[in-house]
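Report on the following structure.
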Amino acid sequence: MAVSFIRVDDRMIHGQTCTRWALEYPCDGLIAVNDVAAKNPVLKAAYKSASGKKTFVWSLAEFKEKADKVLKSKDQYFLITKNPLDMKKILVDQGFQPGIKTVIIGPCNDRPGTTKLGNNQSITQEEAQALEDIMNAGYDVEFALLKEEAIGNWKKFRGQFGFH
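Here the sequence shown stands for residues 374 to 537, where the numbers follow this note's numbering.
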């Protein structure tokens, strides 16, 4: 299996993410999917140097093109997007089947129009819809900055956004 861990993190890649989560999940490299970062050489370089692991920064279109190659790889990758909307595009709209069924929601900054679920974990109604769609596609959606700081499954919070 080539994807060992799926995460939404608005910082995408930084050392703590990789070091800490790699203790629970095997990881040879990272695949960060974000259209803005993929087109920005400075951001791309910063992300590539942040983890000390093999790192790819791809647009959604590039990921779609390379998805089969990822699944056939002998290496194990963390799949990371900056927001729930991009993860929904990959898992639901593009129909990517990573072989694992848990999506970890990490930091999502407090922004105007968000509902705060936990420390540094705030989402908009649009992001809530994306998480609902991911859950309805058969995924467990867990909120955890770090494994030991989990605040619960999406099922615990979805009522706050009008889902039943």
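Where a beta carbon is used, it is the ideal one built from N, C-alpha and C, also for glycine.
Anticipated Cβ contact below 8 Å, residue i with residue j, distance rounded
i	j	result
Q470	C400	19 Å between Cβ atoms; not a contact.
A405	M385	5 Å
V430	K421	7 Å
A375	S446	4 Å
T454	N413	Not confirmed; about 16 Å, so no contact.
R458	E521	At residue 458 the sequence reads Leu, which differs from the Arg that was named. About 27 Å; that fails the 8 Å criterion.
G388	A423	6 Å
Q498	F516	Q498 to F516, Cβ: 17 Å. No contact.
Bridge-paired residues (DSSP) for residue i
i	result
A494	Before going on, a small fix: residue 494 reads as Gln here, not Ala. C481, G491, per the DSSP bridge assignment.
A501	A501 pairs with nothing; no bridge assigned.
A523	A517
I507	Bridge partners of I507: none, in fact.
F378	F451
Where the alpha helix (DSSP H) containing residue i begins and where it ends
i	result
K421	414-423
F530	527-530
C-beta contact flag for residue i and residue j at 8 Å
i	j	result
D506	N526	no
V465	A510	yes
I478	V381	yes
L490	F534	no
P480	L518	yes
K439	G402	no
A503	K461	yes
N482	D383	yes
Range of the contiguous beta strand (DSSP E) that encloses residue i
i	result
A517	513-517
I386	Looking at the DSSP string, I386 is not in any beta strand (DSSP E), and its letter there is neither H nor E.
Residue i beta carbon near the ligand PLP (any heavy atom closer than 7 Å)
i	result
D506	Among the components modelled here there is no ligand, and therefore nothing to report on the ligand PLP.
If you scan the segment 401-475 from start to end, which runs of the beta strand (DSSP E) of 3 or more residues do you find wholly inside it?
-> 402-406, 427-431, 450-454
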